[in-house]
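For the sequence shown, position 139 matches number 193 in this note's numbering, and the numbering has no gaps at all. Following: one structure in structure tokens, then a few remarks.
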Amino acid sequence: MNRGIYPLLSGGIAQEMKLEMVSNNLSNINTIGYKKDKAIFKSYLPIYNEPYAGQESYFGKDKAFVEYDRSVIDLSGGPIKNTGNKLDLAIDGDGFFAIEKAGNTRYTRNGNFSLDDQRRIVTQDGNPVLGEGGAIQLPEGEITVDENGTVYAGNQEAGRLRIVTLSNQDSIVKEGESLVSGGSEQPSEKFSIAQGALEQSNVNTIEEMAFMIEVLRGYESYQKVIQTIDEINSRSVTEIGRV
Numbered sequence: 055m056n057r058g059i060y061p062l063l064s065g066g067i068a069q070e071m072k073l074e075m076v077s078n079n080l081s082n083i084n085t086i087g088y089k090k091d092k093a094i095f096k097s098y099l100p101i102y103n104e105p106y107a108g109q110e111s112y113f114g115k116d117k118a119f120v121e122y123d124r125s126v127i128d129l130s131g132g133p134i135k136n137t138g139n140k141l142d143l144a145i146d147g148d149g150f151f152a153i154e155k156a157g158n159t160r161y162t163r164n165g166n167f168s169l170d171d172q173r174r175i176v177t178q179d180g181n182p183v184l185g186e187g188g189a190i191q192l193p194e195g196e197i198t199v200d201e202n203g204t205v206y207a208g209n210q211e212a213g214r215l216r217i218v219t220l221s222n223q224d225s226i227v228k229e230g231e232s233l234v235s236g237g238s239e240q241p242s243e244k245f246s247i248a249q250g251a252l253e254q255s256n257v258n259t260i261e262e263m264a265f266m267i268e269v270l271r272g273y274e275s276y277q278k279v280i281q282t283i284d285e286i287n288s289r290s291v292t293e294i295g296r297v
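Have a look at this one:
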């Protein structure tokens, strides 16, 4: 096979993976608290002299190609939309709500909460929302939440939301149900809570559509060059055969 095919094939595969990711982002433009994903790739250049100090060994070291490395989550904030629902909460600034799921702590920016039959604040999937002292259970009374995350039922304080930031953001992993895990938890200091509001997805539709067009054009370019190389190879074989 013509050695020039390898970087073109790897480039085409990279464009396919980008397209899959941007398609998933666009499908979640209406998902509350959704954070878009970005793909990270690494490139390799040929090694002709061995040993090569400081160079990691890898498959195909005599070829140039790109390889998918990882995906990262864009944690920038989305627009906040008022709903009027007392148990809809949005974080304006840094941090996540802490959630208990199956005995483990998970994190979310989706503040579409409700009360369960024990009058605990829970997610739509029934997972308790954690305060600084555990699950927040409310007595009877009108529910209010101040900017610092303190929850009241009537005039009685019921607890304070556990709003945290996660260090080492490259290790944060999505788990579905708008939940993430990973990172190292630390109390957030730069946030305010908006009651009766929800944070929308941070996906910018126009930007993502423009990026999708760019990816598609890139894929088409790789495809055309591969077809050209294939035609040249076929023609070369034919001409040599005639000689």
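Note that the Cβ used here is the ideal one computed from N, Cα and C, for glycine as well.
Do the CB positions of Gln178 and Gln191 come within less than 8 Å of each other?
-> For this step, residue 178 is matched to residue 124 along the sequence shown. For this step, residue 191 is matched to residue 137 along the sequence shown. No; because the gap between Cβ atoms is not below 8 Å, this pair is not in contact.
Excluding five sequence neighbours on each side, which residues of the same chain lie with their C-beta closer than 7 Å to the C-beta of Gln123?
-> Position 69 of the sequence shown, counting from 1, holds the residue named residue 123. According to the sequence shown, residue 123 is Asp rather than Gln. Closer than 7 Å at the Cβ level, and outside the excluded window around Asp123, lie Ile94, Phe95 and Lys96.
Rounded straight-line distance, which links the Cα of Ser81 to that of Gly65 = Here the question's residue 65 lines up with position 11 in the sequence shown. Here the question's residue 81 lines up with position 27 in the sequence shown. The straight-line gap from Cα to Cα measures roughly 24 Å.
For Asn258, the three-state DSSP class (helix, strand or coil) | The residue labelled residue 258 in the question sits at position 204 within the sequence shown. If DSSP states are grouped into helix, strand and coil, Asn258 belongs with coil.
Can you tell which of Val218, Ser255 and Leu252 has its C-alpha closest to the C-alpha of Ser242?
-> Against the sequence shown, residue 242 aligns to sequence position 188. Among Val218, Ser255 and Leu252, the Cα nearest to that of Ser242 belongs to Val218.
Same chain only: Cβ atoms within 7 Å of Glu229, ignoring 5 sequence neighbours per side = Stepping through the sequence shown from its first residue, residue 229 is reached at position 175. Taken in chain order, the residues that qualify are Arg160 and Ser235.
Backbone CA spacing between Glu261 and Asn79 [nearest angstrom] = Working through the sequence shown from its first residue, we reach residue 261 at position 207. Working through the sequence shown from its first residue, we reach residue 79 at position 25. For Glu261 and Asn79, the distance between alpha carbons rounds to 11 Å.
Would you say the stretch 256-275 touches the stretch 190-209, given that touching needs at least three Cβ pairs under 8 Å?
-> no
Exposure of Pro133, with buried meaning 16 or more beta-carbon neighbours within 10 Å = Counting from one through the sequence shown, the residue named residue 133 turns up at place 79. That one is exposed.
For Ala152, which residues of its own chain have a beta-carbon under 7 Å away from its beta-carbon, when the five flanking residues on both sides are left out?
-> Taking the first residue of the sequence shown as position 1, residue 152 is located at position 98. Thr159, Tyr161, Leu184, Arg216 and Val218, listed in sequence order.
Kindly list the residues whose CB is nearer than 7 Å to the CB of Ser246, restricted to its own chain and excluding five residues on each side of it in sequence; keep chain order.
-> What you label residue 246 is simply residue 192 of the sequence shown in a count that begins at 1. The residues are Asp146, Gly147 and Glu201.
Can you have a look at Thr142 and say buried or exposed, based on whether 16 or more other CB atoms are within 10 angstroms of its CB?
-> As a working mapping, residue 142 is identified with position 88 in the sequence shown. First, the amino acid is wrong: residue 142 is Asp here, not Thr. With 16 or more other Cβ atoms within 10 Å, it is buried.
Taking Asn166 and Ile86 to be in contact with their CB atoms under 8 Å, please state how far apart those CB atoms are, rounded to whole angstroms.
-> Position 112 of the sequence shown, counted from the first residue, corresponds to residue 166. Position 32 of the sequence shown, counted from the first residue, corresponds to residue 86. Sure, about 5 Å apart at Cβ, within 8 Å.
Contained beta strand (DSSP E) runs [length at least 3] in the stretch 119-172, N- to C-terminal order | 119-127, 134-136, 143-147, 150-155 and 158-162
Candidates Val279, Gly250 and Gly237: closest to Leu129 by CA position | In the sequence shown, counting from the first residue as 1, residue 129 sits at position 75. For the residues Val279, Gly250 and Gly237, the minimum Cα distance to Leu129 belongs to Gly237.
From Thr259, Asn164, Ile197 and Glu196, pick the residue whose C-alpha is nearest to that of Asn181; which is it?
-> For the purposes of this step, residue 181 is identified with residue 127 of the sequence shown, where counting begins at 1. With distances taken between Cα atoms, Asn181 lies closest to Asn164.
Just grab the DSSP bridge partners of Val218 for me.
-> Indexing the sequence shown from 1 puts residue 218 at position 164. DSSP, once it has assigned bridges, lists Phe150 and Pro241 as partnering Val218.
Report all residues from its chain with a CB closer than 6 Å to the CB of Val76; omit the five preceding and five following residues, and keep chain order.
-> For the purposes of this step, residue 76 is identified with residue 22 of the sequence shown, where counting begins at 1. Excluding sequence neighbours, Val76 sits near Glu262, Phe265 and Met266.
What residues in its chain sit with their C-beta under 6 Å from that of Lys155, if we drop five residues either side in the sequence?
-> Locating residue 155 in the sequence shown gives position 101, where the first residue counts as 1. Closer than 6 Å at Cβ, skipping near neighbours: Asn181.
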